[in-house]
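Letter 312 of the sequence shown, counting from 1, is numbered 372 in our numbering, and no numbers are missing. Backbone N, C-alpha and C fix where the C-beta goes; we use that ideal spot for every residue, glycine too.
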Amino acid sequence: MKQRLAIILVWGLFILGCAAILLQGPKIQSDLGQFLPGDASDAGAGAVTGLLLDTLRDSPASRVILLGLSGAPDQQLADSAKQLASALGATPHFQHILGTDNTMPESEQALLFRHRYLLNPAQFDELTLKQALQQRLKELALGTPLDHHQLRRDPTAVHRQTLQRFIDHTGPQRHLGVWFSADRKHALLLLHSTAPAFALDPQQAAIEAIRHAFEKTAAPGVELLISGPPLFAVESRKRIREGSQQLTLWASLGVALLILFAYRSPTATLLIALPLFSGIVAGAAAVVLLFDQLHGIALAFGITLIGLTVDYPIHLFSHGGNQRAAVRIWPTLRLGMLTSAVGFCALVFSGFQGLAQMGLFAISGIVVAAVVTRWLLPALQATEYQLHPSLTPLINLTLGISRQQNLRWLAPLLLVVSLGVVTLQGENLWETRLNRLSPIPAAQLEQDRQLRARFNAAEPGQLLLLQSHNLERLLQQTETLSAQLEQAQVGGLLDNFDSPSRYLPSHQRQLRHRDALPDSTSLQANLSRASEGLSFREGLFQPFIDDIAAAKSLQPLGPESLDGTLTGIRLGSLLRRHGDGWYALVTLGGIHNPTAIARIASDSGARYIDIPQQASQLVAHYRDEALHLIGIGGLLILLILAVALRGIIRLVRVALPVFTAIALTTALLTLLGESLSLFHLASLLLVMGIGLDYGLFFDHCQNAGGGCSRTLGALLICSLTTLLVFGLLALSPLPVLHAIGLTVSLGVFSTLLLTLTAGNTKTRAMM
């Protein structure tokens with residue numbers, strides 16, 4: 061009795077400790093960036109990949125929210141856009157709101173205006189000044205709105221060059237004081253949120269603020285379309301959370317009803333749930349301890365351990381459920397636990413943090429569930445449970461299949477056929493598109509693509525990458541590259557490009573512009589001669605002369621001077637620090653001659669990058685790494701089994717059905733049109749764990765000389781619970797959960813069938 065109380069006390073303290081960790085830990089995460097590699101460069105995928113992933117996770121572009129207003133005449137759309145922008149500007153959620161103002165904020169304008177002669181080349185000879193003054197007179201005669209204060213300080217309109225470079229690459233055309241799409245059917249706003257894209261609570265508050273402000277300000281009939289990374293992050297969390305909650309509810313209810321039907325005992329149902337509950341709590345706590353967070357997909361995958369850990373108490377109950385039964389089945393159960401844990405080690409060492417969480421969750425849950433089954437359940441059980449007689453026909457059916465000696469060649473035959481099907485698929489076997497992991501519906505992604513096209517902001521497919529430990533050298537390189545690309549653009553090799561040097565010249569160039577500024581005496585003389593015969597009063601442009609003199613003592617601007625500005629945001633998406641160095645991205649649009657552009661990049665020391673191709677290579681790299689780890693794990697499992705089973709025949713009888721089921725499942729998935737991802741591989745590991753459990757217990761009962769009817773009854777209930785859980789998962793609209801559910805469902809059914817056909821013919825005659 062004391063021993064039982066001690067076991068219960070230890071278990072209770074363990075659960076309380078895990079609960080304390082979870083209660084103090086962070087909220088469940090849903091950032092799909094965790095299913096991107098943690099550090100690609102360290103993992104060997106290459107520095108370029110690491111830089112791109114760094115940009116993907118944290119860049120100004122990740123904070124952009126796009127709004128489109130449609131469904132009404134253009135004047136109503138313009139008025140609604142202005143009112144919406146005004147309402148949103150009064151909230152703390154947005155750093156900048158673009159689309160309704162003609163100019164950037166005054167503070168930023170003042171900064172750029174003060175440094176205009178460093179940022180832009182300018183000439184101040186008599187002819188150039190005369191042409192500039194004549195142009196200003198024409199603009200005044202035409203009624204062009206000019207800032208007279210700015211006219212006195214910048215008669216050559218150098219500041220316009222700075223603004224024009226920004227405007228040309230920031231938004232679409234303007235109509236009625238608002239950005240509009242080319243067909244004038246959509247008024248457009250672009251917002252920069254104050255929070256990072258994956259700071260989900262602030263982003264959700266920002267999205268709700270947009271919808272609330274729209275309801276208050278929009279004219280009748282106006283419709284709102286929202287898109288952008290922050291919205292997708294919020295929507296992903298919602299879908300993952302809802303999917304996980306629904307899965308937990310229906311899976312738990314379904315398994316409970318199935319166990320209740322099989323044993324006709326509420327007590328047995330509750331006892332069987334204890335290892336599962338303990339495994340889930342332990343797995344979640346282990347992930348929080350190691351990663352300081354828990355992803356929703358890792359939690360959903362961990363909950364699916366119901367398909368494996370619930371097998372342990374079912375086997376115990378099928379053999380009596382008491383202490384003697386626990387001692388008798390423990391060697392087999394322990395071996396199954398060990399091989400399953402070894403298999404999931406491949407995920408723990410994956411470069412994807414999300415997959416590593418899934419692997420750690422699985423290992424921790426499996427080990428704890430097995431320990432609870434071995435020691436806690438026998439201490440709690442007061443009676444022996446038997447499967448209800450209504451299951452006898454199904455048990456007899458499985459016995460009949462196991463007695464069919466002519467089916468013993470089914471596993472080798474299916475293995476050969478399946479490997480042939482898989483081999484014929486070649487590279488088509490694998491899914492290498494990262495966007496296929498997204499829980500966002502395809503229709504919403506298409507809306508995003510269309511809205512970006514209206515903004516002239518489609519995601520670039522190709523870019524040029526420059527790297528350097530020295531920022532100044534890097535900016536000089538981008539200037540050289542930009543000059544070559546400008547010539548290529550004139551020659552029709554590409555439609556457009558954007559470069560950091562468009563917004564921030566190198567210090568060397570800024571100093572060259574500054575040193576070229578004339579002294580006050582020379583400038584005054586040139587200006588006096590240039591203004592002769594023109595209707596400008598004497599002394600009007602003295603502020604212009606004073607600004608030139610002041611500019612000669614200015615220091616060059618750097619990226620830090622532009623932090624928080626619109627120019628800084630645009631610059632930050634193209635020029636970023638990475639580790640102890642810097643990198644610059646030059647985005648390309650409308651490439652008509654990729655070979656020529658690649659040659660220009662090579663001559664400039666830049667790397668020409670096809671983003672979709674780079675992403676595919678990234679996924680392929682981590683797939684190959686995962687396959688390598690799984691291969692090592694598989695060999696280790698075979699070694700463990702060989703030592704434990706002490707015979708090549710028993711090893712083949714246990715392992716062959718499992719590895720055949722994995723090959724068969726892979727072949728079936730390809731025939732169903734599925735391309736395999738890393739999540740399919742994770743699911744196949746679970747199939748291997750479940751299959752080895754089936755094979756080991758079936759082998760144990762046969763070598764024990766009898767009792768296979770009880771074992772087959774347990775295997776039947778185990779497979780039904782697993783098929784129920786993962787069948788529900790296969791119906792999930794989330795691509796990741798669907799992949800896991802479909803893979804395990806096919807694998808478990810195949811494993812059970814092949815295990816029954818690979819039994820020992822000698823023991824069959826005894827049954």
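Exercise for review: With Val-796 as the anchor, note down where its alpha helix (DSSP H) starts and where it stops.
Suggested key: That run of the alpha helix (DSSP H) goes 795-817.
Exercise for review: For the beta strand (DSSP E) containing Asp-670, list its first residue and its last residue.
Suggested key: That run of the beta strand (DSSP E) goes 667-670.
**Study point:** Complete runs of the alpha helix (DSSP H) confined to the stretch 291-361 [at least 4 residues]
**Key:** Taking only runs of at least 4 residues, the alpha helix (DSSP H) segments lying wholly in the stretch 291-361 are 326-351.
Check your understanding: Mind checking Trp-71: buried by the 16 CB within 10 Å criterion, or exposed?
Key -> So Trp-71 ends up on the buried side.
Exercise for review: Mind checking which residues open and close the beta strand (DSSP E) that includes Phe-557?
Suggested key: Segment 554-558, the beta strand (DSSP E) holding Phe-557.
Review point. Thr-627: buried (16+ other C-beta within 10 angstroms of its C-beta) or exposed?
Key: Classification of Thr-627: buried, given that the 10 Å Cβ count is 16 or more.
Exercise for review: Say whether the stretch 286-302 touches the stretch 120-128, bearing in mind that this needs 3 or more beta-carbon pairs closer than 8 Å, one atom from each stretch.
Suggested key: Yes, since at least three Cβ pairs between the stretch 286-302 and the stretch 120-128 fall closer than 8 Å, the two stretches touch.
Practice item. Say whether the stretch 688-695 touches the stretch 387-406, bearing in mind that this needs 3 or more beta-carbon pairs closer than 8 Å, one atom from each stretch. Key: Touching, per the Cβ criterion.
Practice item. Check Ala-585 in the structure and name its three-state DSSP category. Key: DSSP, reduced to helix, strand and coil, places Ala-585 within a helical segment of the structure shown.
Review point. Taking the alpha-carbon positions, what's the Thr-222 to Pro-280 distance?
Key: Distance between Thr-222 and Pro-280, taken at the CA atoms: about 39 Å.
Point to revise | Tyr-563 beta carbon less than 9 Å from that of Arg-234 | key: Contact flag unset, no.
Exercise for review: Please confirm whether Trp-239 and Thr-160 have their CB atoms less than 9 Å apart.
Suggested key: Yes, these two residues count as a Cβ contact at 9 Å.
Check your understanding: Considering only residues of the same chain and omitting the five flanking positions on each side of Gly-104, which have a CB-CB separation below 6 Å?
Key -> Note on Gly-104: pLDDT 40, under 50, position unreliable in the model; the coordinate value appears next. Answer for Gly-104: no residue qualifies.
Practice item. Could you tell me which of Tyr-177, Val-347, Thr-392 sits nearest to Phe-421, measuring between CA atoms? Key: In terms of Cα proximity to Phe-421, the closest of Tyr-177, Val-347, Thr-392 is Val-347.
Review point. For the stretch 426-439 against the stretch 391-404, are there 3 or more C-beta pairs whose distance is under 8 Å?
Key: Yes: at least three Cβ pairs fall under 8 Å.
Exercise for review: Pull up the distance between the alpha-carbon of Leu-331 and that of Leu-772, whole angstroms please.
Suggested key: CA-to-CA, the gap between Leu-331 and Leu-772 works out to about 21 Å.
Check your understanding: Hey, how far is the Cα of His-740 from the Cα of Ala-723?
Key -> Taking the Cα positions, His-740 is about 12 Å away from Ala-723.
**Study point:** Terminal residues of the beta strand (DSSP E) in which Phe-154 lies
**Key:** Run containing Phe-154: 154-158, per the beta strand (DSSP E) assignment.
Practice item. Return helix, strand or coil for Tyr-563, following the three-state DSSP convention. Key: Here Tyr-563 sits in coil by DSSP.
Check your understanding: According to DSSP, is Phe-515 helix, strand or coil?
Key -> Secondary structure at Phe-515: coil, using DSSP grouped into helix, strand and coil.
Check your understanding: Would you call Arg-770 buried or exposed, if buried means 16 or more other Cβ atoms sit within 10 Å of its Cβ?
Key -> It is buried - the Cβ of Arg-770 has at least 16 other Cβ atoms within 10 Å.
**Study point:** Three CB pairs or more closer than 8 Å across the stretch 713-730 and the stretch 435-450
**Key:** They do not touch, by the three-pair rule.
Point to revise | Which residues DSSP lists as bridging Ala-915, in chain order | key: In the structure as shown, the chain begins at 61 and stops at 827. Residue 915 is therefore absent and cannot be evaluated.
Check your understanding: In terms of residue numbering, what span does the beta strand (DSSP E) encompassing Ala-279 cover?
Key -> In this chain, Ala-279 is not harboured by any beta strand (DSSP E), its DSSP state being neither H nor E.
Point to revise | As assigned by DSSP and simplified to three states, the class of Glu-734 | key: Three-state DSSP puts Glu-734 in coil, outside helix and strand.
Review point. Which partner residues does His-252 have in the DSSP bridge list?
Key: Paired residue(s): Val-124, His-156.
**Study point:** Burial state of Thr-781 (16 or more Cβ within 10 Å)
**Key:** Buried: at least 16 other Cβ atoms inside 10 Å.
Review point. Which residues in the same chain as Asn-488 place their Cβ atom closer than 6 Å to its Cβ, once the five residues preceding and following it in sequence are excluded?
Key: By the criterion of a C-beta distance shorter than 6 Å, Asn-488 is surrounded by no residue of its chain, once the five residues flanking it on both sides are discounted.
Check your understanding: Would DSSP call Ile-708 helix, strand or coil?
Key -> Taken through DSSP and simplified to helix, strand or coil, Ile-708 comes out as helix.
Point to revise | Nearest to Val-808 (by Cα), restricted to the options Leu-746, Ala-328, Ala-80, Glu-734 | key: Looking at the Cα atoms, Leu-746 is the closest of the given residues.
Practice item. Determine, using beta-carbon pairs with one atom in the stretch 553-560 and one in the stretch 584-596, whether at least three such pairs fall under 8 Å. Key: With contact defined as three or more Cβ pairs closer than 8 Å, the stretch 553-560 and the stretch 584-596 are not in contact.
**Study point:** One or two residues paired with Phe-786 in a DSSP bridge
**Key:** Bridge partners of Phe-786: none, in fact.
Review point. Looking at the structure shown, is Ser-130 part of a helix, part of a strand, or coil, going by DSSP?
Key: If DSSP states are grouped into helix, strand and coil, Ser-130 belongs with the strands.
Review point. Leaving out five residues before and five after Glu-166 in sequence, what residues of the same chain have Cβ atoms less than 7 Å from its Cβ?
Key: None.
Exercise for review: Would you decide whether Arg-706 is buried or exposed? Buried here means 16 or more other CB atoms lie within 10 Å of its CB.
Suggested key: By the neighbour-count criterion, in which 16 or more other beta carbons inside 10 Å mark a residue as buried, Arg-706 falls on the exposed side.
Check your understanding: What runs of the beta strand (DSSP E), each 3 residues or longer, lie entirely inside the stretch 628-669?
Key -> 635-638, 641-651, all fully within the stretch 628-669.
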